[in-house]
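Just below is one structure, and these are the notes that go with it.
Protein chains in written order, with the numbering used here: chain A, 669 to 844; chain B, 199 to 565.
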């Protein structure tokens, strides 16, 4: 693909993969990300930001941020990937390039704890309310343990439990 | 906030077919001076739950991400897994999938068509819309066993073949709906109240479309021919004959016209599909799904939902569970970034028509 060559000339490209005719993955460093996004937007026609996504690679101690761009004329997607340190997850906002990035970054901050410097609404609640644990989409967050600690065991004599007891008694009776 | 302004929450009880989300507004008289979307009333943590389940167990989950239109989710997720797992599906499965997707689009549009009238106080078309949608749900029940959630599209094809005589029954329902549509038009399109209120309402500046990533009927109402079915043809869409519907006007009326014409297009496409439905196998055997490991990789697949581009970003690490599934619905941008900007300067009574025009669907914002 020609676009990959042009990107290689200008920026540090760590990895690249052509997944489909209309989908390319490009990995780069944190320093190169914003210049690369601006270049793609202004010169390559990738005018639209489709989404920002975060992946937790806990074994390697890294977060992967994926910036998905769409070129309406060429009808192509490009996903720019960047890895950041999991212990100090700090990065820069891109909401000045695309306004909707602000909400995506707010969600990633809430769900993964990634800090986007310069985002005006970061820290405001988007989905969770009064959250008091580690960010829930991280791989080391245990949903079952959290719910047991927070809400306790299920009430002992709920209607479902009574029904379960009856069916267990019935099973026992049948075994006899 | 000055003392002349009133702070008001609209929702989470929804005004029409918008779902449980709330909009916080500041009012000066009747005019909105500031708006903020609040979501989180429907958060069930689908993306987190999917990380703890083997792939096949996620299928009953993904359809719940958008309640009125579940098939887009199933199809997207199945297509992503097929792409990562290197599975080719038979032709007939592609056509059956397309049929299900179009039926699903059609029922959503019919419900929406009634819903937009409901948001302006016309309660009759709402009942008609819900009622006529039910005929399509009956078809789904016959085909899949479920009315709302189908869990019908699986990796490798579809779960079951079409029942005998199903095609004729689909055509019969299409004829019936086509006969009913002029009555809808008469009561909605030719209604002076609807015309007066929707024309010029929620006018979107054209430069916002590319800048914010607006898709679907919202972008097409601004004259941009963005349709995933054409831009990135999937399943059987490359073989079908249709044009992208666009309107000029960028306002709620143009969005209504686009969606009204989409109903005709969907009926047309369903007839084409039934006409050209190929024979053969409807699924290919998968590896044992309980121990199905997908090679490491990532992909982004997308399809055209009624609201816009619906995308799935799936990352696999080589195990039997996904590392990350990110569901990106069009409402995320339409319902938060766009709605907050559009509402400023509007009348308080127009909040419901604007929300319904953008067709927000909260479950896909807060997966």
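All C-beta atoms, glycine included, are put in the ideal place defined by N, C-alpha and C.
Alpha-carbon spacing of residue i relative to residue j, whole angstroms
i	j	result
residue 478 of chain B	residue 362 of chain B	15 Å
residue 554 of chain B	residue 312 of chain B	11 Å
residue 530 of chain B	residue 836 of chain A	46 Å
residue 678 of chain A	residue 704 of chain A	8 Å
residue 451 of chain B	residue 416 of chain B	11 Å
residue 212 of chain B	residue 672 of chain A	47 Å
residue 767 of chain A	residue 409 of chain B	8 Å
residue 746 of chain A	residue 423 of chain B	20 Å
residue 231 of chain B	residue 796 of chain A	26 Å
residue 292 of chain B	residue 275 of chain B	14 Å
residue 689 of chain A	residue 744 of chain A	8 Å
residue 366 of chain B	residue 469 of chain B	10 Å
residue 322 of chain B	residue 316 of chain B	8 Å
Proximity test, Cβ basis, 9 Å: residue i and chain A
i	result
residue 422 of chain B	yes
residue 348 of chain B	no
residue 388 of chain B	no
residue 336 of chain B	no
residue 246 of chain B	yes
residue 271 of chain B	no
residue 496 of chain B	yes
residue 331 of chain B	no
residue 526 of chain B	yes
residue 433 of chain B	no
residue 578 of chain B	This structure cannot settle anything about residue 578 of chain B, because the visible part of chain B is limited to 199 through 565.
residue 531 of chain B	yes
residue 212 of chain B	no
Residue range of the alpha helix (DSSP H) that includes residue i
i	result
residue 769 of chain A	769 to 780
residue 464 of chain B	450 to 474
residue 258 of chain B	257 to 260
residue 493 of chain B	Run containing residue 493 of chain B: none; DSSP gives neither H nor E here.
Within-9 Å CB hit, residue i to chain D
i	result
residue 444 of chain B	No chain D appears in the structure shown, which is made up of the protein chains A and B.
Endpoints, the beta strand (DSSP E) within which residue i is located
i	result
residue 229 of chain B	229 to 236
residue 511 of chain B	507 to 514
residue 695 of chain A	691 to 696
residue 378 of chain B	Where residue 378 of chain B is concerned, there is no enclosing beta strand (DSSP E), although the alpha helix (DSSP H) it sits in stretches over 364 to 385.
residue 745 of chain A	744 to 753
residue 736 of chain A	730 to 739
residue 719 of chain A	716 to 725
C-beta neighbour in chain B for residue i, strict 9 Å
i	result
residue 687 of chain A	yes
residue 706 of chain A	no
residue 811 of chain A	yes
residue 693 of chain A	yes
residue 711 of chain A	no
residue 716 of chain A	yes
residue 743 of chain A	yes
residue 804 of chain A	yes
residue 669 of chain A	no
Cβ distance (whole Å) where residue i is taken to contact residue j below 8 Å
i	j	result
residue 737 of chain A	residue 718 of chain A	7 Å
residue 425 of chain B	residue 442 of chain B	4 Å
residue 527 of chain B	residue 449 of chain B	Their Cβ separation, rounded to whole angstroms, is 23 Å, which puts residue 527 of chain B and residue 449 of chain B out of contact at 8 Å.
residue 771 of chain A	residue 535 of chain B	6 Å
residue 353 of chain B	residue 281 of chain B	Not confirmed; about 10 Å, so no contact.
Take every Cβ of the segment 374 to 385 of chain B, pair it with every Cβ of the segment 481 to 494 of chain B, and state whether three or more of those distances are shorter than 8 Å. no
For the segment 540 to 547 of chain B against the segment 423 to 438 of chain B, do three or more pairs of beta-carbon atoms, one drawn from each stretch, fall closer than 8 Å, so that the two count as touching? Counting Cβ pairs under 8 Å, fewer than three are found: no touch.
Just checking, does the segment 464 to 476 of chain B make contact with the segment 238 to 255 of chain B on the three C-beta pairs under 8 Å criterion? no
The segment 395 to 412 of chain B touching the segment 345 to 364 of chain B, judged by at least three CB pairs closer than 8 Å: no
Hey, is the segment 241 to 257 of chain B in contact with the segment 799 to 819 of chain A, meaning 3+ C-beta pairs nearer than 8 Å? yes
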